[in-house]
Structure formats: C-alpha cells, structure tokens
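J.:
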Amino acid sequence: MSNTLDASGAGSDTPNLDFAGTTPYEDYVQADVLTHLQHLRSDDPGEMVFLVTTQVMELWFTVIVHEWETAAKALREDSIPVAMDALKRSLRELEALNASWRPLAQLTPGQFNAYRAALGEGSGFQSAMYRRMEFLLGEKSASMLVPHRGAPRVHAELEKALQEPSLYDEVLRLLARRGLPVPEAVLERDLSRRYEPSPEVEAVWTSLYEDPEAQHDLHRLGEVLTDVAELVWRWRNDHLVATRRAMGAKTGTGGSAGVTWLEKRATKNVFPELWTARSHV
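Numbering of the sequence shown is given in the UniProt record's numbering, commencing with residue 1 and proceeding in unit increments.
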C-alpha cells in the first residue's frame, strides 16, 4: 500500500482520505449496496442474523459455482492443474459456507417462530444459485426451473446449466479420453437428467485406486472430488440438524416437507462411484 506525499513532497504515513467521489474501496466492493440489502419484515432482533446469514450463503454459492464452472472448463481442455486449483479453492469456500450455519445452528423453535412468518412462502430450495450448484454436481431436475419462470434471466441461466455437462460429466469424459473404459451410454446420456450410478464407472475408479501411480493425476483428481463430495454431504447434514432443531418435523416454509425432504437429500452421495469403488480396493 503506497503512502501519500505531504506538502514538501516527502512520504507521509497518513493515508489518502480525500476522494472526488466514492472511495475506490466502495467502487470495487460495493459495500454500501451490500449493507443496505437487509429489509426486515418483523420486529424481532433475531431476523437480522437469519437474513444476513442467508445472504452470505448466497454469496458463497456464487463463488463455488464460479470455481466449479472454471474446473469444468479446464477439464474440457485437459488442463487438470487448472481444474485442481479451482477445486481446491472450492474446498476452502465450502468450509466457509458450512461455517455459515453456526449463527443459526442453535435456534430454538420459539426464536425461529418469532420471525418465521416473515419468510411467507420463501424457502431455501428456491435459491437459483444453490440450484446451479446442484446441477453442477449432477443433481439435475427440470422441475426445479418452475419456481423461476417469473425471472427470465435467472430462468435462462438455469436452463443453460440444466442442458450443459455437470462437473462430474466432464470428469468422466476426461477419463474416457485418457483411455479408460467409461461406457458410451454414460458419455452420451441425457444431460438434463439426474446422473445415475454406473457399475462400469465404479470399475474405472476401482482400477485407478488399485494402482494410484499408473495415472497419478487422475487418482489425485478423484481424491479432491471426494473432498468436495464430503463437504457437500456435511452441508446437507448441517442444514438438516439446524432445521430439525429450529422446527422439528413441521412442514417447511414454501410447502416443502421440511426435515423429511432434507433427510432424503442427506442420504445421497455426490459422485457416487467414488464412494462405492472403495469397497472393491
């Protein structure tokens, strides 16, 4: 950080405080916009924590989507180091995202009920950026576009993500280009549908783990993907626990099944064959 000059032209330890318009920091970060996005709908002081924490989660979703899209593009171009860097950054970002549950993790039913009505029909499953995360993980579902029909730009972005290869699709295509026997049925599958586990893909990962030095970079890629999957699983479970603590088994906001729906999500493995292959090594 450079020092300003005093009247004599000598260096000064005083930072520049006089700007013609807004500060360069504000121009870059847009902090004034961010800190005035909180429009409370109740008189309960706890609503601010809930709202800001949710907004912070949305920002982390945005960063993670950026990292996974960067990794997917790099894998398409056979640039494994670039993909690995993006995936490793996303691990730290997922850890920060998961830590976002801490301010909400010990909400009592009474505390949550004090401002729950302010949410109306709002629910986290309506988050478009979280949906893009799920699509990148292979959890595709055309029905999840329906809530966003009233927002053309958001709907178009989700429609594009639905039709594009997921991060895992790009990994499997890379494995095939490296000579591993990934089935054509997997490579040519309907990309708009949820990825389903394949015994043949499981066998491919088993072979890579049985001889990790044969294609060391692919083995390392598998381990980083497993790290991603583990942190996604932890996110889902932390969500489940926080929800169960705040509202028990009641119907969720937006008409969702609440805890029941989250329990089903928590049992699903991301990149499934990376987990099942370990039983055969």
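Backbone N, C-alpha and C define an ideal beta-carbon position, used for all residues, glycine too.
For the candidate residues 273, 272 and 249, whose alpha-carbon lies nearest to that of residue 262?
T.: As a position in the sequence shown, residue 262 is number 262, starting the count at 1. For residue 262, the nearest C-alpha among the options comes from 249.
J.: Are the region 82–94 and the region 225–236 in contact at 8 Å, needing three or more beta carbon pairs?
T.: yes
J.: Run through DSSP, which three-state label would residue 110 get?
T.: Your numbering for residue 110 matches position 110 in the sequence shown. Reduced to three states, the DSSP call for residue 110 is helix.
J.: Pairs of beta-carbons, one from the region 199–211 and one from the region 102–112, closer than 8 Å: are there three or more?
T.: Touching, no.
J.: If I measure Cβ to Cβ from residue 275 and keep anything under 8 Å in the same chain, skipping five residues before and after, which residues do I get?
T.: Sequence index remark: in the sequence shown, residue 275 carries index 275 (1-based). Within its own chain, the residues whose Cβ lies closer than 8 Å to the Cβ of residue 275, once the five positions on either side in sequence are excluded, are 226, 229 and 269, listed in chain order.
J.: Please state if the CB of residue 74 and the CB of residue 82 are separated by a distance shorter than 7 Å.
T.: For the purposes of this step, residue 82 is taken as the residue at position 82 of the sequence shown. For the purposes of this step, residue 74 is taken as the residue at position 74 of the sequence shown. Their beta carbons are under 7 Å apart, which means residue 82 touches residue 74 by this criterion.
J.: My parser needs the alpha helix (DSSP H) runs of 4 or more residues fully inside the region 224–269; what are they?
T.: If we require 4 residues or more, the alpha helix (DSSP H) runs fully inside the region 224–269 come out as 259–266.
J.: Please check the pair residue 130 and residue 61, which I expect to be a contact at CB under 8 Å, by giving their CB distance rounded to whole angstroms.
T.: Numbered from 1 along the sequence shown, position 130 holds the residue referred to as residue 130. Numbered from 1 along the sequence shown, position 61 holds the residue referred to as residue 61. Rounded, the Cβ-Cβ distance is 5 Å, consistent with contact.
J.: Could you round the C-beta distance between residue 162 and residue 140 to whole angstroms and report it? I think they count as a contact, below 8 Å.
T.: Residue numbering aside, residue 162 sits at position 162 when the sequence shown is read from its first letter. Residue numbering aside, residue 140 sits at position 140 when the sequence shown is read from its first letter. In this structure residue 162 is in contact with residue 140, their Cβ atoms being roughly 6 Å apart against a cut-off of 8 Å.
J.: Taking C-alpha atoms, which residue in 219, 265 and 218 lies nearest to residue 241?
T.: Taking the sequence shown and counting its residues from 1, the one referred to as residue 241 is at position 241. Out of 219, 265 and 218, 265 has the C-alpha closest to the C-alpha of residue 241.
J.: Would you report the Cα separation of residue 169 and residue 202, rounded to the nearest angstrom?
T.: For the purposes of this step, residue 169 is identified with residue 169 of the sequence shown, where counting begins at 1. For the purposes of this step, residue 202 is identified with residue 202 of the sequence shown, where counting begins at 1. About 14 Å.
J.: So, at 6 Å on beta carbons, what are the nonlocal neighbours of residue 40 in its own chain, with the 5 sequence-adjacent residues on each side left out?
T.: If you number the sequence shown from 1, residue 40 lands on position 40. Contacts found: 47.
J.: Please identify the residue among 179, 205, 148 and 19 whose C-alpha is closest to the C-alpha of residue 122.
T.: If you number the sequence shown from 1, residue 122 lands on position 122. Of 179, 205, 148 and 19, the residue nearest in Cα terms is 148.
J.: Would residue 63 pass as a contact of residue 95 if the rule is Cβ separation under 7 Å?
T.: Reading the sequence shown from its first residue, position 63 is the one you call residue 63. Reading the sequence shown from its first residue, position 95 is the one you call residue 95. For residue 63 and residue 95, no; Cβs fall outside 7 Å.
J.: Going by CA-CA distance only, name the one from 238, 80, 126 and 281 that's closest to residue 151.
T.: Position 151 of the sequence shown, counting from 1, holds the residue named residue 151. Checking every option, the nearest Cα to that of residue 151 belongs to 126.
J.: Would DSSP call residue 196 helix, strand or coil?
T.: Position 196 of the sequence shown, counting from 1, holds the residue named residue 196. Note: residue 196 maps to coil in three-state DSSP.
J.: Roughly how far, in whole angstroms, is the beta-carbon of residue 154 from the beta-carbon of residue 128, given that I think they are within contact range, below 8 Å?
T.: Numbered from 1 along the sequence shown, position 154 holds the residue referred to as residue 154. Numbered from 1 along the sequence shown, position 128 holds the residue referred to as residue 128. Confirmed, Cβ separation roughly 5 Å.
J.: Which parts of the region 50–136 are runs of the alpha helix (DSSP H), unbroken and 4 residues or longer, counting only runs that do not cross its ends?
T.: 80–99, 109–116 and 128–136
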